[in-house]
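Peer 1:
There are 2 protein chains.
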Amino acid sequence: MGIRSVERAMNVLHELNLQPINTIAQLHARTRLPKPTLVRILKTLEEAGYVENDTRQGGYQVTALVTSLSSGFHKGPMVVEAGRAWAIALTRKHKWPVAIALPDYDGMIVRFSTVPDSPISPFHSTVNRRLGMLTRALGLAYIAFLDREAFDLTMGILRKSQDPEDALSHHPTEADRLMTQIREAGYATRSSLVEPRNSNTIAVPIIAKGGNVLATIGLTYFKSAFSSDQQAIDRFSPLLKSAASAISEDLERLSSKLAIEESGLRPNHVQDLRTSDC
Amino acid sequence: MGIRSVERAMNVLHELNLQPINTIAQLHARTRLPKPTLVRILKTLEEAGYVENDTRQGGYQVTALVTSLSSGFHKGPMVVEAGRAWAIALTRKHKWPVAIALPDYDGMIVRFSTVPDSPISPFHSTVNRRLGMLTRALGLAYIAFLDREAFDLTMGILRKSQDPEDALSHHPTEADRLMTQIREAGYATRSSLVEPRNSNTIAVPIIAKGGNVLATIGLTYFKSAFSSDQQAIDRFSPLLKSAASAISEDLERLSSKLAIEESGLRPNHVQDLRTSDC
DNA sequence: CCAGGGCGTTCCGCCCGCCGAAACGGACGG
DNA sequence: CCGTCCGTTTCGGCGGGCGGAACGCCCTGG
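Going down the list, the protein sequences come from chains A and B.
Counting in the numbering used here, the first sequence runs without a single skipped number right up to 335 at its last residue.
Counting in the numbering used here, the second sequence runs without a single skipped number right up to 335 at its last residue.
If you want it as structure tokens, here you go:
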């Protein structure tokens with residue numbers, strides 16, 4: 058019941074963010090919009106400066122200006138802010154995309170992803186995507202490092218779920234065995250029962266000074282790029298662990314130097330003055 | 058010549074990002090759109106999940122989902138990434154908005170701003186806004202810390218400018234005196250000749266290990282909140298200096314652990330595989 | 001208690017601007 | 001040289017966006 062053209066344009070802009078470069082044909086396939094409609098929407102976004110049509114690369118991509126469509130939102134937890142730079146640095150160095158996820162009730166939500174930074178990434182950016190707790194690397198790396206009480210609580214919630222992604226919650230001994238294994242190894246990988254099969258993710262917990270798991274950070278790679286999963290694990294799990302502990306240290310420094318309360322603050326209503334910072 | 062409703066909606070979304078909370082009346086005043094049109098656009102964005110209508114606070118605001126409209130773009134230089142967390146932490150603690158700016162030829166461009174995080178901020182967010190080099194705190198804190206060669210080069214460019222913001226470049230002795238003063242103090246403030254008059258900004262350079270100025274970070278406050286500018290300077294300049302050096306250290310750690318090249322990487326064309334990271 | 005103003009929101013008929021099938025033209029590749 | 005697959009342009013028809021007017025609400029002040 059909204060404005061159709063606006064809904065469509067927002068979808069297109071959203072889709073444009075999922076891949077570094079987008080052809081009309083791809084967008085047509087994904088959005089099911091007629092090509093002339095796509096061209097018209099893209100032209101509009103281009104005139105507004107949010108999109109550019111790079112003919113050399115043969116496709117459309119978002120420009121730096123899109124950041125101004127979300128510059129008003131950074132109430133994210135500090136762990137994501139502190140982790141961003143490390144995620145980006147990891148991707149620049151090792152090419153594979155890195156994601157940071159936060160717990161959300163009975164699942165995890167991806168809050169940052171370097172997919173567009175990754176020149177070899179065939180993956181979609183998954184910011185704001187929800188992931189299962191018991192099948193995804195980013196979920197397992199979280200739940201396995203919860204303390205007993207929080208773990209039992211979450212498992213209790215998951216047992217009520219009918220989602221096949223949460224099936225493991227109905228097999229306590231199997232689950233416990235997996236959790237122990239993850240805790241000992243210090244990292245988790247995605248369940249092999251779950252799509253996509255041609256890639257894998259290695260994830261580790263980001264643990265605060267006090268011992269609480271705050272978030273998880275994970276790296277995704279194409280299986281075909283390595284002779285075995287073990288090879289990728291040997292290579293990346295130490296890097297992720299050291300990044301995770303560095304993030305935790307950064308958080309410590311940020312809060313000790315400035316004494317932040319971790320909970321986001323509520324913005325208050327302010328009057329409209331037409332001035333600017335500089 | 059684009060789709061009018063889409064152009065309007067993008068403008069509205071952009072405006073929504075400039076303030077933590079937006080009433081219809083404010084948006085009407087800023088966009089000059091009829092109120093029914095605004096309501097229709099906002100309803101559309103709300104249905105799509107990008108905006109919420111917080112009736113308690115009596116206004117519209119962007120939601121976390123807007124990040125997915127720019128998640129495809131993160132080519133930001135590492136110094137901005139490293140500085141984000143510090144800017145946010147400063148604002149959470151001291152309430153005033155903090156901005157990070159990068160040099161761009163003969164001016165500075167704001168690349169990050171915590172205006173929407175600041176509950177007392179009556180300022181507009183200025184991400185992507187261009188600032189003069191010789192009047193703005195964020196510009197002065199940069200140019201004053203350039204080495205001789207780069208300084209002369211930039212001043213040469215500025216002398217060709219007719220912009221009143223660059224007028225100081227035509228008065229070398231005055232300029233030199235100001236530069237010396239800034240270098241000694243370690244911070245810069247906005248020229249009193251320039252709008253807005255009811256606020257001021259204190260900015261310091263972010264200097265890399267090698268001695269190069271990479272960027273500047275500045276805090277803006279309402280003059281009426283302090284008994285004198287000196288009081289604000291005494292309070293904030295040490296904080297900014299310590300944040301700037303912490304950012305520089307973070308950069309060092311990021312690059313030494315991972316050996317990053319500072320220049321952004323160019324994303325390559327990749328084939329369309331329908332998979333995802335997790 | 002009511003008048004007045006400002007607010008966000010709803011209504012509804014007019015009309016214009018969006019829509020998309022069809023056509024175009026250029027780039028491959030066989 | 002023709003077939004195919006692109007991205008892009010054209011253009012007429014019509015449906016959906018538009019905004020003035022009106023509504024209901026909450027203030028404030030008389």
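We treat Cβ as the ideally placed atom computed from N, Cα and C, and that holds for glycine.
1) For a contact defined as C-beta to C-beta under 8 Å, what are the partners of Val123(B) on chain A?
2) Is Gln287(A) close to chain B? Criterion is C-beta to C-beta, closer than 9 Å.
3) Can you find a CB in chain A that lies within less than 9 Å of the CB of Phe202(B)?
4) Which term fits Gln238(B), buried or exposed, when burial requires 16 or more other beta carbons within 10 angstroms of its beta carbon?
5) Going by DSSP in three states, Val123(A) sits in which element: helix, strand or coil?
6) Asn257(B) bridges to which residues according to DSSP?
7) What's the call for Leu250(B), buried or exposed, on a 16-neighbour Cβ count within 10 Å?
8) Taking C-alpha atoms, which residue in Ala232(B), Ile78(B), Lys280(B), Thr183(B) lies nearest to Leu191(B)?
9) Taking the C-alpha atoms as reference points, what is the distance between Pro77(B) and Val96(A)?
10) In terms of residues, what are the limits of the alpha helix (DSSP H) holding Val155(B)?
11) Would you list the residues sitting across from Arg187(B) in a DSSP beta bridge?
12) Indicate whether Val155(B) and Arg186(B) have their beta-carbon atoms separated by less than 9 Å.
13) Going by other Cβ atoms of all chains shown within 10 Å of its Cβ, with 16 needed for buried, is Leu210(A) buried or exposed?
14) Could you spell out where the alpha helix (DSSP H) holding Asn110(A) opens and where it closes?
15) Which of helix, strand or coil does DSSP assign to Gln219(B)?
16) Taking C-alpha atoms, which residue in Thr246(B), Phe208(B), Tyr244(B) lies nearest to Pro229(B)?
17) DSSP has Asn79(B) in a bridge; who is on the other side?
18) Report the CB separation of Val137(B) from Ile157(B) in whole angstroms; it is logged as a contact under 8 Å.
19) With DSSP run on the structure shown, which of helix, strand or coil describes Val136(A)?
20) Quick one: what's Thr273(B) bridged to in DSSP?
21) Can you tell me the Cα-Cα spacing of Arg89(B) and Glu72(B), whole angstroms?
22) Return helix, strand or coil for Ala198(B), following the three-state DSSP convention.
23) For Thr246(B), which of helix, strand or coil comes out of DSSP?
24) Reducing DSSP to helix, strand and coil, say where Ile317(A) ends up.
25) Are the CB atoms of Gly39(A) and Ile145(A) nearer to each other than 9 Å?
26) Can you name the residues of chain A whose CB is closer than 8 Å to the CB of Ile145(B)?
27) Could you check which residue in Glu306(B), Leu297(B), Ile304(B), Ser313(B) has the C-alpha nearest to that of Leu147(B)?
28) Please decide whether Tyr199(B) counts as near chain A, where near means a Cβ-Cβ distance under 9 Å.
29) Let me make sure I understand the geometry here. Which of Asn110(B), Gln287(B), Met135(B) has the alpha-carbon closest to that of Lys150(A)?
30) My guess is that Tyr244(A) and Trp153(A) are in contact by the Cβ rule of under 8 Å, so how many angstroms apart are they, rounded?
31) When the cut-off is 9 Å and only beta carbons count, does Ser218(B) lie next to chain A?
32) Taking Cβ positions only, does Met58(B) come closer than 9 Å to chain A?
33) Could one say the Cβ of Leu271(A) lies closer than 9 Å to chain B's Cβ atoms, at least one of them?
34) Between which two residues does the alpha helix (DSSP H) containing Ile60(B) stretch?
35) Can you name the start and end residues of the alpha helix (DSSP H) that Lys100(A) belongs to?
Peer 2: In brief:
1) Looking up residue 123(B) in the second sequence gives position 66. Correct list: Leu126, Ser127, Gly129, Phe130.
2) The sequence position of residue 287(A) within the first sequence is 230, counting from 1. It does not: the Cβ of Gln287(A) has no partner Cβ on chain B nearer than 9 Å.
3) Locating residue 202(B) in the second sequence gives position 145, counting from the first residue. Closer than 9 Å: no.
4) Against the second sequence, residue 238(B) aligns to sequence position 181. Exposed.
5) On the first sequence, residue 123(A) is found 66 positions in, with the first residue counted as 1. Val123(A) falls in the helix class under three-state DSSP.
6) Counting from one through the second sequence, the residue named residue 257(B) turns up at place 200. Partner(s): Tyr278(B).
7) Along the second sequence, one-based indexing puts residue 250(B) at 193. Classification of Leu250(B): exposed, given that the 10 Å Cβ count is below 16.
8) Taking the second sequence and counting its residues from 1, the one referred to as residue 191(B) is at position 134. The shortest Cα separation from Leu191(B) among Ala232(B), Ile78(B), Lys280(B), Thr183(B) belongs to Ala232(B).
9) Start at 1 with the first residue of the second sequence, and residue 77(B) comes out as number 20. Start at 1 with the first residue of the first sequence, and residue 96(A) comes out as number 39. Looking at the two C-alpha atoms, the distance is approximately 33 Å.
10) On the second sequence, residue 155(B) is found 98 positions in, with the first residue counted as 1. Unbroken run through Val155(B) is the beta strand (DSSP E), 155-161; no alpha helix (DSSP H).
11) For the purposes of this step, residue 187(B) is taken as the residue at position 130 of the second sequence. Beta-bridge pairing links Arg187(B) to Ile166(B).
12) Within the second sequence, numbered from 1, the residue matching residue 155(B) stands at position 98. Within the second sequence, numbered from 1, the residue matching residue 186(B) stands at position 129. No, the Cβ-Cβ distance between Val155(B) and Arg186(B) is not below 9 Å.
13) As a first step, residue 210(A) is located in the first sequence; it is residue number 153 there, counting from the start. Result: exposed.
14) Residue mapping note: residue 110(A) aligns to position 53 of the first sequence, counting from 1. First-last for Asn110(A): 108-111, but that is the beta strand (DSSP E), not the alpha helix (DSSP H).
15) Counting from 1 along the second sequence, the entry for residue 219(B) is found at position 162. Correct three-state label for Gln219(B): coil.
16) The residue you call residue 229(B) lines up with position 172 of the second sequence. Taking only the C-alpha atoms, the option nearest Pro229(B) is Phe208(B).
17) For the purposes of this step, residue 79(B) is identified with residue 22 of the second sequence, where counting begins at 1. Tyr117(B).
18) Here residue 137(B) refers to the residue found at position 80 of the second sequence. Here residue 157(B) refers to the residue found at position 100 of the second sequence. The pair is a contact, with the Cβ atoms about 6 Å apart (cut-off 8 Å).
19) As a first step, residue 136(A) must be located in the first sequence, where it is residue number 79. The answer is helix: DSSP assigns Val136(A) an H, G or I state.
20) To locate residue 273(B), count along the second sequence from 1; it is residue 216. Answer is Ala158(B), Pro262(B).
21) Numbered from 1 along the second sequence, position 32 holds the residue referred to as residue 89(B). Numbered from 1 along the second sequence, position 15 holds the residue referred to as residue 72(B). Arg89(B) and Glu72(B): Cα-Cα distance of roughly 12 Å.
22) The sequence position of residue 198(B) within the second sequence is 141, counting from 1. The answer is helix: DSSP assigns Ala198(B) an H, G or I state.
23) Within the second sequence, the letter at position 189 stands for residue 246(B). Reduced to three states, the DSSP call for Thr246(B) is strand.
24) By 1-based counting over the first sequence, the position of residue 317(A) is 260. Because Ile317(A) carries a pLDDT of 41, less than 50, the predicted location of this residue cannot be relied on, and no value is offered for it.
25) Beyond the ends of chain A as shown, which are 58 and 335, falls residue 39(A); an answer cannot be given.
26) Translated into the one-based positions of the second sequence, residue 145(B) becomes position 88. The answer, in chain order, is His131, Met135, Glu138.
27) Indexing the second sequence from 1 puts residue 147(B) at position 90. Ranking Glu306(B), Leu297(B), Ile304(B), Ser313(B) by Cα distance to Leu147(B) puts Leu297(B) first.
28) Along the second sequence, read from residue 1 onward, the residue named residue 199(B) stands at position 142. False, the Cβ-Cβ gap to chain A never drops below 9 Å.
29) In the first sequence, the residue the question calls residue 150(A) occupies position 93. The candidate whose alpha carbon is nearest that of Lys150(A) is Met135(B).
30) The residue you call residue 244(A) lines up with position 187 of the first sequence. The residue you call residue 153(A) lines up with position 96 of the first sequence. In fact, because the Cβ distance is near 15 Å, the residues do not count as touching under 8 Å.
31) Along the second sequence, read from residue 1 onward, the residue named residue 218(B) stands at position 161. Output row for Ser218(B): interface = no.
32) Position 1 of the second sequence, counting from 1, holds the residue named residue 58(B). It does; some Cβ of chain A falls within 9 Å.
33) If you number the first sequence from 1, residue 271(A) lands on position 214. Taking Cβ atoms only, chain B never reaches closer than 9 Å to Leu271(A), which makes this a no.
34) Locating residue 60(B) in the second sequence gives position 3, where the first residue counts as 1. Here Ile60(B) belongs to no alpha helix (DSSP H), and DSSP marks it neither H nor E.
35) Taking the first residue of the first sequence as 1, we reach residue 100(A) at position 43. From DSSP, the alpha helix (DSSP H) with Lys100(A) extends over 92-105.
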